[in-house]
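Trainee: Residue numbers (the working numbering): 2 to 177.
Idealized CB from N, CA, C, for every residue including glycine.
My structure is below; once you've seen it, I'll send some questions.
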């Protein structure tokens, strides 16, 4: 089963030309099963993958998640470079009059863009999969979005304002 998922991800990457250059890829890693699976598969495919974990400190288990990601990355052969950043989503939400979720997303995307540019990565990989796609479409439909929202997640979209970094969900071709 694991090889089938790896093959599915490899085919999705190839079909959508997600990793055209041989440069590093930054993995957005929460410590959850989806993002850890994405990081693991990219690593197994021989991609020069780096990890970025964002710790907002909002949950009791936030520090344990950070420790898990850091330890797992160290234990891989070869090890995966891992960076953890602490971000204050509550302060951002208050200062910008945003929801906590929106503030956290904006902070996370800014941190991912900055780290990707630091390491010369043109892509940031997330652990989103086909089941997330269905959820996104349903939520967008309920919100009454236009055609753009009904398209759901694309195989690649710009993350950096200048287009130098692309957000990719390599697991999008497979189910959880």
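(1) Specify, as a first and last residue, the run of the alpha helix (DSSP H) that residue 122 falls within.
(2) Quick one: measure Cβ to Cβ for residue 67 and residue 54, integer angstroms, because I've assumed they're closer than 8 Å.
(3) Quick check on residue 81: does DSSP put it in helix, strand or coil?
(4) Measuring alpha carbon to alpha carbon, tell me which of 96, 47, 111, 81 ends up nearest residue 23.
(5) Going by other Cβ atoms of all chains shown within 10 Å of its Cβ, with 16 needed for buried, is residue 36 buried or exposed?
(6) Which word fits residue 104, buried or exposed, when buried means at least 16 other C-beta atoms lie within 10 angstroms of its C-beta?
(7) Could you please give the first and the last residue of the uninterrupted beta strand (DSSP E) stretch that includes residue 50?
(8) Taking 8 Å as the threshold (C-beta atoms), are residue 42 and residue 7 in contact?
(9) Can you grab the Cα-Cα spacing for the pair residue 34 / residue 57, in whole Å?
(10) Give the single residue among 89, 161, 39 whose Cα lies nearest to the Cα of residue 60.
(11) Can you tell me whether residue 158 is helix, strand or coil according to DSSP?
(12) Let's test the definition: count the other Cβ atoms within 10 Å of the Cβ of residue 116 and tell me whether it reaches 16, buried, or not, exposed.
(13) DSSP has residue 38 in a bridge; who is on the other side?
(14) How would you label residue 4, buried or exposed, when you count the other beta carbons within 10 angstroms and need 16 or more for buried?
Mentor: Result, derived from the coordinates:
(1) Counted from its first residue, the chain shown places residue 122 at position 121. Element bounds for residue 122: n/a, residue is neither H nor E.
(2) On the chain shown, residue 67 is found 66 positions in, with the first residue counted as 1. On the chain shown, residue 54 is found 53 positions in, with the first residue counted as 1. Right, their Cβ atoms sit about 6 Å apart.
(3) For the purposes of this step, residue 81 is taken as residue 80 along the chain shown, with counting starting at 1. Three-state DSSP puts residue 81 in coil, outside helix and strand.
(4) In the chain shown, the residue the question calls residue 23 occupies position 22. For residue 23, the nearest C-alpha among the options comes from 47.
(5) The residue labelled residue 36 in the question sits at position 35 within the chain shown. That one is buried.
(6) In the chain shown, counting from the first residue as 1, residue 104 sits at position 103. Classification for residue 104: buried.
(7) Against the chain shown, residue 50 aligns to sequence position 49. Where residue 50 is concerned, the enclosing beta strand (DSSP E) stretches over 50-56.
(8) By one-based count along the chain shown, residue 7 stands at place 6. By one-based count along the chain shown, residue 42 stands at place 41. Yes. Within cutoff.
(9) Indexing the chain shown from 1 puts residue 34 at position 33. Indexing the chain shown from 1 puts residue 57 at position 56. The alpha-carbon atoms of residue 34 and residue 57 are separated by roughly 19 Å.
(10) Mapped onto the chain shown, residue 60 falls at position 59. That would be 89, whose Cα lies nearest to the Cα of residue 60.
(11) One-based indexing of the chain shown puts residue 158 at position 157. Residue 158: strand per DSSP, three-state reduction.
(12) The sequence position of residue 116 within the chain shown is 115, counting from 1. Buried, by the Cβ-count rule.
(13) Your numbering for residue 38 matches position 37 in the chain shown. Bridge partners of residue 38: none, in fact.
(14) Start at 1 with the first residue of the chain shown, and residue 4 comes out as number 3. Classification of residue 4: exposed, given that the 10 Å Cβ count is below 16.
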